[in-house]
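The number in the numbering used here is simply the position in the sequence shown, starting from 1, with 694 added. Just so you know, even glycine gets a beta-carbon here, dropped at the ideal spot from N, CA and C. See below for the structure under consideration.
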Amino acid sequence: MALLPVLCYPDPRLHQVAKPVEAVDERIKKIVADMAETMYEAPGVGLAATQVNIHERIVVIDVSENQNELMVFINPELVWASAEKKFWREGCLSVPEFYDEVERPDQIRVKALDINGREFEIEADGLLSVCLQHEMDHLQGKVFVEYLSLLKRNRISLKMKKRLKELVGQR
Ligand code: GNR
Ligand code: NI
Numbered sequence: 695m696a697l698l699p700v701l702c703y704p705d706p707r708l709h710q711v712a713k714p715v716e717a718v719d720e721r722i723k724k725i726v727a728d729m730a731e732t733m734y735e736a737p738g739v740g741l742a743a744t745q746v747n748i749h750e751r752i753v754v755i756d757v758s759e760n761q762n763e764l765m766v767f768i769n770p771e772l773v774w775a776s777a778e779k780k781f782w783r784e785g786c787l788s789v790p791e792f793y794d795e796v797e798r799p800d801q802i803r804v805k806a807l808d809i810n811g812r813e814f815e816i817e818a819d820g821l822l823s824v825c826l827q828h829e830m831d832h833l834q835g836k837v838f839v840e841y842l843s844l845l846k847r848n849r850i851s852l853k854m855k856k857r858l859k860e861l862v863g864q865r
């Protein structure tokens with residue numbers, strides 16, 4: 695297992711579109727294990743492969759209280775979304791220390807492959823629904839701050855660039 699570096703907004707690589715996984719083989723299982731380790735270490739409730747500069751449709755999520763219920767979604771696809779929407783305060787490992795409200799469908803159904811390459815479907819609400827939609831956005835090259843106003847986004851970009859400069863200066 696290995697910890698993977700997480701890309702930070704506004705890194706242009708966060709906007710690459712991930713390709714479907716063709717076969718859930720040992721290479722993919724290694725990526726899933728490393729992504730899970732990286733997510734738990736952060737700690738975060740989800741991680742999309744895009745965030746660790748791997749542009750394949752792989753997501754790991756754990757919304758359990760004790761962070762001991764890993765969920766793996768390979769080639770996730772949205773099959774249904776409720777008309778009812780809700781606001782949720784979101785954060786992102788690629789936009790550290792920034793949180794804001796995003797409106798999304800309340801309930802969804804998602805189809806995906808599990809770690810054994812078997813297809814499954816899941817219905818989600820609450821944090822799992824928000825997190826799944828947030829991660830599927832990452833795979834499409836979309837970061838949650840893109841739902842916010844241009845003014846807010848520019849402020850975040852400036853803050854992130856400033857922080858990056860400080861980090862480089864520390865070395
Ligand atoms: O750890 C995370 N928490 C979170 C909180 C509210 C809505 C979405 C998320 S996902 C985020 C981890 C992350 O950046 N995944 O891409
Ligand atoms: Ni994120």
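{"Check": "Cys702: CB within 6 Å of a non-hydrogen atom of the ligand NI", "Outcome": "no"}
{"Check": "beta-carbon Cys786 near the ligand NI non-hydrogen atom, thresh 6 Å", "Outcome": "yes"}
{"Check": "Residue closest to Val766, alpha-carbon to alpha-carbon, out of Asn848, Val757, Arg849", "Outcome": "Val757"}
{"Check": "8 Å contact criterion, which Thr732 and Leu701 should meet: CB distance rounded", "Outcome": "Thr732 to Leu701, Cβ: 12 Å. No contact."}
{"Check": "Near the ligand COA: Ala742 beta-carbon under 6 Å from a heavy atom", "Outcome": "This structure lacks the ligand COA; the ligands present are the ligand GNR and the ligand NI."}
{"Check": "The beta strand (DSSP E) enclosing Asp794, as first and last residue numbers", "Outcome": "794-799"}
{"Check": "Pairwise C-alpha distance: Arg707 and Leu842", "Outcome": "20 Å"}
{"Check": "Distance cut-off 6 Å: Val739 Cβ against heavy atoms of the ligand GNR", "Outcome": "yes"}
{"Check": "Distance, Asp794 Cα to Ile850 Cα", "Outcome": "11 Å"}
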